[in-house]
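One structure is given here, and the rest of the page talks about it.
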Amino acid sequence: MKKFRKVLDGLTTSSPGGTIGSPSCGSAAGTPTAAPTPKEIDVQETLVSENFQLCKTVRHGFAYQPTALAFDPVQKILAIGSRSGGVRILGRPGVDCYCQHESGAAVLQLQFLINEGALVTACADDTLHLWNLRQRRPAVLHSLKFNRERITFCHLPFQSKWLYVGTERGNTHIVNIESFILSGYVIMWNKAIELSTKTHPGPVVHLSDSPKDEGKLLIGFESGTIVQWDLRAKKADFRIYYDEAIHSVSWHHEGKQFMCSHSDGSLTLWNLRNTTKPFQVTFPHGKIQKDGRKESCKPILKVEYKTSRSSEPFVIFSGGLSYDKAGRRPALTIMHGKAITVLEMDYPIVEFMVLCETPYINEVQEPYAVVVLLEKDLIVVDLTQSNFPVFENPYPMDVHESPVTCTAYFADCPPDIIPILYSIGAKHKKTGYSQKEWPVSGGTWTLGSHTYPEIIITGHADGSVKFWDASAITLQMLYKLKTSKVFEKPKPGEGRAAELVEEDPFAVQMVSWCPQSRIFCVVGISAHIILYRFSKYDANTQIVALEVRLQCESEDVITPSENENNPCFSEPGSHSPQPHHQYPVSPGSRTPESGKDSIPCLKVKERVVRVPPGYQSDLVIQLLWVDGEPPQQITSLDINSAYGLLAFGNCNGLAVVDYLQKTVLLCMSTLDLYGATDPYQRLTRSPRRNRQSTSEFCMRGLSNFYSDSKKRIRTSYQSLTELTDNQQSVDMERSKSPTSVCVCSVDSPVPVHYPTSLHNDPRVLPEPVASLRASHCSPVFYLLDNVKGPGRKLSLPTDLKTDLGHASRRAMLQQLHGVTMYSHDEHHTTTSYCWSERESRENSFSRSRSSSVSSIDRDTKEAVTTLQFGESYGRKSDAFPTPCLWVGTSLGVVLLIPMSIPNDQEERMEEPVTIGPSGAVQMLKGSVLRFGFLDCMGALIQSPYEVWRDTNAPEDPDRPRKRKLVHFSPSSSQEACGEGHLAVVCSERQAKVFLMPSQSCLFVHNITESSFVLRADVVSVCNSVCLACFCANGHVMTLSLPSLRPLMDVNYLPLTDMRIARTFCFTNGGQALYLSSPTEIQRITYSQEMCDNLQEMLGELFTPIETPEAQNRGFLKGFFGGNAHTFDREELFGEAAAGKASRSLAQHIPGQGGVEGMKVAASGAVGELARARIALDERGQRLGELEERTALMMTSAETFSKHAHELMLKCKDKKWYQF
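Counting from 10, one number per residue, gives the positions in the sequence shown under our numbering.
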């Protein structure tokens, strides 16, 4: 009979006109429901696959793990190379370009072709690359791979096309920049040094041509040997042998002196007249000790010697500090005359570069700034002022000021929100910056026509939240909010609550923001929620705190006295969907009995506090410790300003709070929400017997853990926040068993049971082994694991226990999320299983969770994974939509909870809101991730909201402030197509579309079988709506709505880093972002329209600028100052004179050309069309530029012809002596 009923269900709920995937889906209560006719849901879908294409747009933040720095003094653009092979090129604000070497090899050195629109990169795989910067998306034109020697240093003289390349063997090769072919001219190390020298001089660490004569090349070897090589005569002019290793060399502009920095912290000044010994030796930071010896100093890694007309020369160097002073920070030292200034840095110095007025090395340099590249920051120091202030950095380099723990992306925000946030945030900006303009001012950028207000929100480990203006593919910080100010500072050793996450107790786990009402919610790692309201006025406020006891322990027996003191509990034994009305207990009114364990992790400030304009805390909700166990982390959150309600859940259950009346309305375990419609048949079991032993274990386990865990707690954010990338391959991640992350306690000698309720009602899942899979709580991501058992310990997401290694498809998922739960794959039977103690012990550690075997070997909890308020139909019989709360769980169950909210403003503040679970249940494969609502015309239904009003504004007696609500009723614009609406539900495996109020399934699509969805959102694209998904296998997909047709499926980003999974988010307009490294935000688009307009939105790196003319050297200087200008490199290094280099020495590789968008592997015809379209656009752009150049040349030729003709007529009749 059941099979027949299922067939009937499939027939009655089949989608009209055929659907994608399997169109059959059982109705909520298991009884057939008449599906609507095609007329009722005749949605004209406008989106097609041609509307979608995936490409990167822009990368924000600081270059992760930087290695190299370069500056073009004419174009005034800056380049930063990184360890992962990335190159960031920066100009004026808005000019920010990211390039990536395909090899991924670290960038060793960067060299601009000054004012030529090109850049040479030397990488750790011994390859040179030439990048063309004359296009908005730079591309590699040529590559040269060295086969037998390793590159150590490169030098490109100004206005030269020959690049000097030093190698680890001590040889110097010469490369033609135009053809990227090696010259036959080689300076071998054994020719450079004297024949009598018995030791190898070491790798080449410096190359530079003499300012006095370009035909002389200065070669510095690591061992301390310096050679000046005469390129014409092919012999050494002089050789210097010094005892200390050389790190860098810098010329005086006249070419008569040069300075070296050494490994002993000394600087030596050499005069070319006498190279037998240094002209001067100084230890800038080496003081003479009492015994007459100098302090030992660290190496000076780099020195720059720059001259100035109006003052003494500048000697600027990094390093050289004495070893004796422990704890000193890295420093940059500026020696100007007799004054020595030490600038201490927050991070180690990677590289620095002095910016000078002239590109010519033989002129007075006139330094005006120094760019310092640190490990985690970029600063520019103003050298023109005596106190050396720093410039205010216009780039968003401080995204990682505190490690980023979560992100949110909002496109098409209300236009007034950005100016308001900026005006308030500007009041708290730092002062003391240089008054001069930012010196890196190259390139051009204009505000494109396709711009709209966008805001990115980042949550951080220190509890701060930053709002960024992300409009027009730029990023600028608007406002910073510190959530830690709500709490008292936890004192060290202040009980277990303070020790839980002592390092980062305020870390932001997720955020929820309503731009229209400006209500903002922050969820913290210490199981707390802070609700903020926005005000333009400061205020004195008392922070209201609500404490919620949301803990599922089957042993808890709730007495009437406990229930009175803990209003968040529902009535004991009440499983019927009755309304729950609770009222909060005032802070500090807990009884001594409840205070023993019922404490929050953090203490809210109880005094009146003065809050500045901006976001001001209105309510703090905290989960309490129960029976010596810390509260489970919050996994889902939704807030609705029109209803005045906030809902949140974790792996124990669900709570709903009325933030207007400051009361807890509902606090139930997930199982209690089902009522009589529980989709699982669960058997009751006896409670745990030995409570005493478990409590003793609890205390022992916690005390033992806290003593040795403080050192490791910081790594709880390692995969997300640590600046040492701990990337694991997918194979390695999958090889770890879920038990390696979520390990239950096996010390308790009792079988594992299923703690589901707040009441004494233990149950167990009767699912067969093969039908259960370990699941997670998307889209919420945990920063600390939750290990079950009374002696629960904190386990870290990246702390892989290598001794517990069993292959598992879901191991990465278990590492990503920290709660042990189960999802079902739509196989429902009635067979019950009870596990013995032995099986429980074995399975906890040793059983492999393969696709064929999956067991309930630990405490399993059904978590609330997503929540959504909205106008809907709570019951099938409802004629009109009412406020509802949609609840999705980790078992793939969808619950619908209708609510009754008073309409009148005064009644709303006094009358209670009634909530009653209706028992409406739907099932999906895997954890539920996202809800979305469409009307019957296919348009997106927005959640109702309250229009923002400033509660701290002065009262106007003529215009009393009232709540102004904006509702989007499903039936408001659907007279023609009947009442009702469509509900889109997406889980980690499939998506379904239901028709409300009949709750019949219209469309279903299995998104993935081999992987799982990490993030899903219903978004607006091209004036329509689609479902966007990001899978763990790296695929980005879009599905049409409501028919769930696949529109795009691109294998974009293999998930090798947990950071990407935690921070990936979609938004409207076909955009998305994720944290590509601990310091960088990568924005992408999946809209074809935006890809087409991307060229217009990006900045130009190269602008045509006249190269400044060299100074007139004067007759005497030109006559006696050497023959520098007669040096012809082509004559020396060309093939005619030097011959060809050995083919085995280096291999020339032609560049790909193209734009980055073509590199994205798109599947099917859409990808091919996209590639062709981009190629045509690029070709058209180049043809247009060629046409413009041709027209300019023709005009120039005509002008020249005209002037020549005029000159000929003027001089035609003159005699020779008249000239």
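Glycine residues also receive a C-beta, built at the ideal position from the N, C-alpha and C atoms.
Going by the CB atoms, is the gap between residue j and residue i shorter than 8 Å?
{"i": "LEU876", "j": "LEU894", "result": "yes"}
{"i": "TYR369", "j": "ALA1119", "result": "yes"}
{"i": "LEU63", "j": "VAL1045", "result": "yes"}
{"i": "LYS315", "j": "VAL363", "result": "yes"}
{"i": "LEU1107", "j": "VAL922", "result": "no"}
{"i": "VAL629", "j": "ALA554", "result": "yes"}
{"i": "GLY897", "j": "MET932", "result": "no"}
{"i": "VAL129", "j": "LEU139", "result": "yes"}
Using the beta-carbon count (16 or more within 10 Å), is residue i buried or exposed?
{"i": "ASN1077", "result": "buried"}
{"i": "PRO1159", "result": "exposed"}
{"i": "LYS475", "result": "buried"}
{"i": "ASN199", "result": "exposed"}
{"i": "GLU880", "result": "buried"}
{"i": "ILE349", "result": "exposed"}
{"i": "LYS1001", "result": "buried"}
{"i": "TYR488", "result": "buried"}
{"i": "SER1153", "result": "exposed"}
{"i": "LEU1192", "result": "exposed"}
{"i": "ARG241", "result": "exposed"}
{"i": "ILE906", "result": "buried"}
{"i": "GLY434", "result": "buried"}
{"i": "TYR173", "result": "buried"}
{"i": "LYS347", "result": "exposed"}
{"i": "TYR889", "result": "Looking at the sequence shown, residue 889 is not Tyr but Phe. It is exposed - the Cβ of PHE889 has fewer than 16 other Cβ atoms within 10 Å."}
{"i": "SER188", "result": "exposed"}
Of the choices the options, whose alpha-carbon is the least far from that of residue i?
{"i": "CYS306", "options": "GLY901, TYR332, VAL312 and GLU997", "result": "TYR332"}
{"i": "SER217", "options": "LYS207, CYS163 and LEU191", "result": "CYS163"}
{"i": "LEU456", "options": "PRO1055, VAL104, LEU392 and GLU871", "result": "VAL104"}
{"i": "ILE202", "options": "GLY193, VAL236 and ASN185", "result": "VAL236"}
{"i": "ILE539", "options": "ALA656, VAL184, THR460 and ALA340", "result": "ALA656"}
{"i": "ALA77", "options": "GLN84, GLY94, LYS85 and PHE61", "result": "GLY94"}
{"i": "ASP606", "options": "LYS614, LEU646 and GLU556", "result": "GLU556"}
{"i": "GLY948", "options": "LEU1050, PRO688 and ILE429", "result": "Looking at the sequence shown, residue 948 is not Gly but Ala. Nearest C-alpha to ALA948: LEU1050."}
{"i": "TYR73", "options": "THR1088, CYS1100, LEU1195 and THR1094", "result": "THR1088"}
Any idea what DSSP makes of residue i, helix, strand or coil?
{"i": "SER728", "result": "In this predicted model, SER728 has a pLDDT of only 40, less than 50, meaning its place in the structure is not dependable; the value taken from the coordinates is given anyway. Three-state result, SER728: helix."}
{"i": "LEU1011", "result": "strand"}
{"i": "ILE950", "result": "coil"}
{"i": "ASN283", "result": "strand"}
{"i": "ASN659", "result": "coil"}
{"i": "HIS409", "result": "coil"}
{"i": "LEU682", "result": "helix"}
{"i": "HIS262", "result": "coil"}
{"i": "PHE940", "result": "strand"}
{"i": "HIS1214", "result": "helix"}
{"i": "LEU1103", "result": "helix"}
{"i": "PHE1075", "result": "strand"}
{"i": "LYS200", "result": "helix"}
{"i": "ALA1147", "result": "helix"}
{"i": "ASP404", "result": "Looking at the sequence provided, one finds Tyr at residue 404 rather than Asp. Three-state DSSP puts TYR404 in coil, outside helix and strand."}
Roughly how many angstroms lie between the CA atoms of residue i and residue j, to the nearest whole one?
{"i": "ALA1070", "j": "ASN1042", "result": "11 Å"}
{"i": "GLY1143", "j": "PHE267", "result": "30 Å"}
{"i": "SER522", "j": "ASN549", "result": "Here residue 522 turns out to be Trp, not Ser, going by the sequence shown. C-alpha separation (whole angstroms): 24 Å."}
{"i": "SER1085", "j": "LEU382", "result": "20 Å"}
{"i": "GLU920", "j": "GLU446", "result": "59 Å"}
{"i": "CYS1220", "j": "SER1205", "result": "22 Å"}
{"i": "MET908", "j": "LEU680", "result": "19 Å"}
Looking at chain D, is there any beta carbon in it that lies within less than 8 Å of the beta carbon of residue i?
{"i": "PRO322", "result": "Of the chains in the structure shown, none is chain D; there is only one protein chain."}
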